[in-house]
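Numbering-wise, UniProt numbering puts 42 at position 42 of the sequence shown, and it's gapless, one number per residue. A virtual CB, placed ideally from N, CA and C, is assigned to each residue, including glycine.
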Amino acid sequence: MYTVKQVAAWAKVSSGTVVRWIHDGKLRARKNNNGKWRIYKLSSKALLKSRKKNKSTSKKK
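As structure tokens, this is what we get:
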């Protein structure tokens, strides 16, 4: 599992954006005992892959 900060760094977005993605259902995550979000690896990898694909297709236009 990854932290919000880790996913934000990889996606080059803010931590707030990652939390919004969690609330919007774009990332699967759960809160740990300390109340901090932990993002499932497969969910984060799929989102990052789709963002990379979207960026490359938008550059072609």
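Secondary structure at Lys-52: helix, using DSSP grouped into helix, strand and coil. Pairing Arg-51 with Lys-26, the inter-Cα distance amounts to about 11 angstroms. Residue environment: Ser-14 is assigned as exposed (fewer than 16 neighbouring CB atoms within 10 Å of its CB, all protein chains considered). DSSP places Arg-20 in the helix class (H, G or I) of the three-state scheme. By the neighbour-count definition (other C-beta atoms within 10 Å, threshold 16), Leu-42 is an exposed residue.
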